[in-house]
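In the UniProt record's numbering, the protein residues as written are 1 to 590.
This report concerns only the one structure given below.
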């Protein structure tokens, strides 16, 4: 079907292909008929078929060169034809045809390659247990990360024939098994990984973007290639290892593990909640929930209140934290972030694991990190360029937008942080304060902006400076047995139907538009001026900014796009009580 638009002009050809499939996938029903690699095992899909893949861009490689046009000669008739090499890795011809690799009519082109790994949560996940048992080990996320690899259609490869066709493989032959490093950012992470091949508008993609790609699947087993290794019975290599073999290993994994997708269409993902369509109006989505938003908010607050030992104030702050997101950047300030430090938890306790299990069931992407001395010293948090493999070695903090990162500081033990541990602490601090992650390119370092929700659980005041710190005041028992019973009760309360509605609620209210009327803005400014006159130490610029963010989150949590004076007064009341708990001289970050 693709050859209906054969054209010697690459851009015109790609444009016609894109227009053809765009017209046939406009409506949701048509798009959903395309099989998704996120939900369908690779062995159930055929090569050269159309597929969807929702993923995070983990790495961007150098452009690869391939035969965009190549000449084929019919050995029976002598007729010569031009064929396109776009949207495929293997050049094809019949048994009685020959590819003219030295033809002057051949055209070498280039395409951009991206390393990507797909999101894992699907609608079927709703049937799984809500609160899996917590643990002290690193737990994987429902988020997005990526893998690596690419292949090229070159003009120097050998032909392979069978009874029906001959093919030109895109790489030199390899032999022997190999286990590729899929380069997942998170420890113990699993999921579908792909190589995306982009033919136009490659500049619009950035590392960590979450995109749904639609394109042609390429997973032909003849593309599985491996570098020659030394014989097991001899110290003499079969062939000299080629220079750059590490790069080949990293960027050319077997297609059975990492298939290639030749991209035709892309769709930006505003969120990763499969229960909420990207195209849906958020206001109409709120109205369409089965039940009142206020009721859903109260039900979620009741769950969170039980989880934090009956402390209503902590539950309110935790709810605001769950729906926070950066909505603008002014100079170095990420406006809208709301990192939260809940402190005052007794130890030893299984509370952090239990709380994470609850939050994991509510949000679309999450990761739990016990800040043990071993984890801090041994894990790599910041991505680093590997020049031998010519790829970006992922780090734990390479996370897609709105990932919920739970940092368990109660797991800290006495000991000494090594150089890597100090760098990891610094990386966490930069993420929380500036919403940036530093990528190490050896010769220079570069900050990449992020939008990560950081929740820190600690006994006392955290070593990490958060936007808001709340001392939990338990109203219920904190014993191990009581905590387990309480979370079992939460599990019973959170029926699949209610859990679905709460997940939709959290995704929708986070994306609601927000504006402040001129009249209310004037009242708030006057309120700030008067508070400064009374005691400038109790109303700093940072305090005022925190109040504005809190009032915004309270408004959104009620499903409202425009705040009232009541939300402002509620925010002031909450901050006053929070500061009272934290003690004298407390500020918005203490």
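Glycine is no exception: its CB is placed at the ideal position from the N, C-alpha and C atoms.
None of the values given here were measured: they were computed from a predicted structure.
When the alpha-carbon of residue 265 is set against those of 217, 458, 389, the nearest one is in 217. The stretch 349-434 is shown to contain whole beta strand (DSSP E) runs of 3 or more residues at 366-370, 384-386, 391-393, 404-408, in chain order. Nearest C-alpha to residue 97 among 499, 87, 76, 112: 76. Each residue's CA atom was taken as its position, placing residue 18 and residue 220 some 23 Å apart. Per DSSP, the unbroken alpha helix (DSSP H) holding residue 317 starts and ends at 312-322. Under the three-state reduction of DSSP, residue 565 is assigned to helix. With respect to the 8 Å criterion, residue 340 and residue 317 are classified as neighbours on the basis of their beta carbons. By the CB criterion at 8 Å, residue 276 and residue 516 fall outside the cutoff.
Contact annotation, residue 354 with residue 183: C-beta distance approximately 32 Å; criterion of less than 8 Å not satisfied. Comparing C-alpha distances from residue 36 to each of 554, 336, 261, 350 shows the shortest one belongs to 261. Between residue 494 and residue 303, the CB-CB gap stays under 8 Å. It is roughly 20 Å from the alpha-carbon of residue 482 to the alpha-carbon of residue 342. When DSSP states are grouped into helix, strand and coil, residue 309 belongs to the coil group. With respect to residue 407, residue 371 sits close: the two C-beta atoms are nearer than 8 Å. Separation of the CB atoms of residue 435 and residue 334 is rounded to 4 Å, and the pair is thereby assigned contact status at 8 Å. Following the DSSP letters along the chain, one finds residue 526 inside the alpha helix (DSSP H) bounded by residues 518-534. Closest by C-alpha distance to residue 49, out of 263, 352, 575, 506, is 263. A residue is called buried once 16 or more other Cβ atoms fall within 10 Å of its Cβ, and residue 526, having fewer, is exposed. The shortest C-alpha to C-alpha distance from residue 15 to any of 581, 199, 44 is the one to 199. In this chain, the alpha helix (DSSP H) harbouring residue 555 covers 541-557.
Approximately 14 Å separates the beta-carbon atoms of residue 392 and residue 381; this is outside 8 Å, ruling out the contact.
Counting other Cβ atoms within 10 Å of its Cβ, residue 439 reaches 16 or more and is therefore classed as buried. Residue 377 and residue 383 have their alpha carbons spaced roughly 15 Å apart. Cβ contact annotation for residue 42 (same chain, cutoff 8 Å, sequence separation greater than five): 192, 219, 256, 259, in chain order. Residue 364 is classed as buried because its beta carbon has at least 16 other beta carbons within 10 Å across all chains shown. In the DSSP annotation of this structure, the continuous segment of the beta strand (DSSP E) that includes residue 53 starts and ends at 50-60.
For residue 215, the beta-bridge partners assigned by DSSP are 51, 263. Residue 422 sits exposed, since fewer than 16 C-beta atoms from the chains shown fall within 10 Å of its C-beta. It is roughly 28 Å from the alpha-carbon of residue 366 to the alpha-carbon of residue 542.
Between the alpha carbons of residue 489 and residue 402 lies a gap of roughly 28 Å. Taking all protein chains in view, the Cβ of residue 188 is surrounded by fewer than 16 other Cβ atoms within 10 Å, so the residue is classified as exposed. Counting the other CB atoms within 10 Å of its CB gives residue 51 a total of 16 or more, which places it among the buried residues. DSSP, reduced to helix, strand and coil, places residue 116 within a strand of the structure shown. Remark: C-beta atoms of residue 550 and residue 571 approach each other more closely than 8 Å.
Residue state for residue 198 is assigned as strand, using DSSP reduced to three classes.
In the three-state reduction of the DSSP assignment, residue 572 falls in the helix class, which pools H, G and I.
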